[in-house]
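**Student:**
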Amino acid sequence: MSASFEGVLARLQRHRGVVGAMLVGADDGMVIAGDAGPGHDPETAGALAASLFRRTRIAAADAGLGEADFVKLEAERGHLCATARGDVVVVALASIQANLGSLRLEMLSAKETL
Amino acid sequence: MIAGAVSAPWLDAPLRRFVQDSRVQRAVVLHPDGKVLGQFGFSSAAEVMTACALAAAINASGRELGRQLGGRPFLGLHQGGRNQGVFMGACAAAGKECLLLAAFDRESTLGLVRLYFAEFRDALGGVKGSGDADLPRDLEADLNSSLDALFGPIN
């Protein structure tokens, strides 16, 4: 695995409240590296997260809002955050206790190293 | 809603759901010998016939290649282009092998297609044995009767 991929995943996995971190192909929705955390299928989470990110980007552009750089999904028991650089979507699954502001900054910073 | 038809009733709901969830443009389910069981998104019997013949040939080639390279047949295939992709996977219904061939554009991804194919495969796994899943006795006659059932007789 590429060192830059490992570095991004390590940074996200160290973040408090992050239960899973993955790099997913933006075009094919396939997991490049990482995992979705205990008890979660990474292929399922990766495919759905990449699809969500892509569709949100399209919706934002269609609504005249410009390019969506960061997507956050709030769910009952946690959060899904995604951002992208080129063809790679960076996905983090976080618990409800995670500091999302800090996680967002970490993800935006980490993706620049890809 | 994409128009389609099935010749086997047990296939209708799983295939319809697969097409809707995965957002593929076209999908066809067939026996490995080319007999069509159901389709969504195709506009003519000739298109289905061509797709089934090619899918059966690709499946046979892939299996043989898999056997020769690693001793085990390949069970899936993906070919991706800039704007379109094709996925083919094997599943079983009532103990008989089936193939699903799906074509998708940028509305979907390989990851999504694989994800919902797994659900489709699980749904078909619960189908009990019936005459619908029997192997055909005569390839050409069965293919024609399947296409007639889906599109009406070709004039």
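Just so you know, the sequences run in chain order U and R.
With my numbering, the residue at position 4 of the first sequence is 4, and numbering never jumps.
With positions in the second sequence counted from 1, the corresponding number in my numbering is that position plus 1000.
Cβ coordinates follow ideal geometry from the N, Cα and C atoms, glycine included.
These figures come from a predicted structure and were not determined experimentally.
#1: If you follow the beta strand (DSSP E) that residue 1023 (chain R) is part of, which residue opens it and which one closes it?
#2: Hey, how far is the Cα of residue 79 (chain U) from the Cα of residue 97 (chain U)?
#3: When you compare only the Cα positions, how much space is there between residue 32 (chain U) and residue 1148 (chain R)?
#4: In the DSSP assignment, find the beta strand (DSSP E) that holds residue 91 (chain U) and state where it starts and stops.
#5: Hey, could you find the ends of the beta strand (DSSP E) residue 68 (chain U) is sitting in?
#6: Nearest chain U C-beta to residue 1081 (chain R) closer than 8 Å, yes or no?
#7: Out of R:1004, R:1124, R:1031, R:1008, which has the shortest C-alpha to C-alpha gap to residue 1019 (chain R)?
#8: Which chain R residues sit within Cβ distance under 7 Å of residue 6 (chain U)?
#9: Would you say the stretch 1021 to 1039 of chain R touches the stretch 1047 to 1056 of chain R, given that touching needs at least three Cβ pairs under 8 Å?
#10: Along the chain, where does the beta strand (DSSP E) containing residue 113 (chain U) start, and where does it finish?
#11: Specify, as a first and last residue, the run of the alpha helix (DSSP H) that residue 1127 (chain R) falls within.
#12: For residue 106 (chain U), does the count of other Cβ atoms within 10 angstroms reach 16, so buried, or fall short, so exposed?
#13: Return no unless some Cβ of chain R is closer than 8 Å to the Cβ of residue 179 (chain U).
#14: Please identify the residue among U:101, U:64, U:44 whose C-alpha is closest to the C-alpha of residue 1116 (chain R).
#15: Listed in chain order, which residues of the stretch 1006 to 1024 of chain R have Cβ atoms closer than 8 Å to some Cβ of chain U?
#16: Figure out for me which residue from R:1083, R:1123, R:1099, R:1046 has the closest Cα to the Cα of residue 1060 (chain R).
#17: I need the DSSP call for residue 76 (chain U), collapsed to helix, strand or coil.
#18: Could you give the DSSP three-state label for residue 1016 (chain R): helix, strand or coil?
#19: Which residues in chain R sit within 7 Å of residue 28 (chain U), going by Cβ to Cβ distance?
#20: Spatial neighbours of residue 1084 (chain R) within its chain, please: CB distance less than 6 Å, with the 5 preceding and 5 following residues excluded, ordered by chain position.
#21: Using a Cβ-Cβ distance cut-off of 8 Å, determine whether residue 46 (chain U) contacts chain R.
#22: Which bits of chain U does residue 1075 (chain R) rub up against, with CB to CB less than 7 Å?
**Tutor:** The answer reads as follows:
#1: From DSSP, residue 1023 (chain R) is part of no beta strand (DSSP E); its letter is neither H nor E.
#2: 9 Å
#3: 44 Å
#4: 88 to 95
#5: Careful: residue 68 (chain U) lies outside any beta strand (DSSP E) and carries neither H nor E.
#6: no
#7: R:1004
#8: Neighbours of residue 6 (chain U) in chain R, taken as residues at a C-beta separation under 7 Å, are lacking, since the least C-beta distance is about 21 Å.
#9: yes
#10: Counting along the chain, residue 113 (chain U) sits inside no beta strand (DSSP E), nor does DSSP assign it H or E at all.
#11: It is not in any alpha helix (DSSP H) - residue 1127 (chain R) carries neither H nor E in the DSSP assignment.
#12: buried
#13: For residue 179 (chain U) there is no data in the structure shown, the boundaries of chain U being 1 and 114.
#14: Ranking U:101, U:64, U:44 by Cα distance to residue 1116 (chain R) puts U:44 first.
#15: none
#16: R:1099
#17: Looking at residue 76 (chain U) - three-state DSSP - the assignment turns out to be coil, as it is neither helix nor strand.
#18: helix
#19: 1080, 1109, 1110, 1111
#20: 1105
#21: Yes - at least one Cβ of chain R is within 8 Å of the one on residue 46 (chain U).
#22: Within 7 Å Cβ-Cβ: nothing; residue 1075 (chain R) doesn't reach chain U, min ~16 Å.
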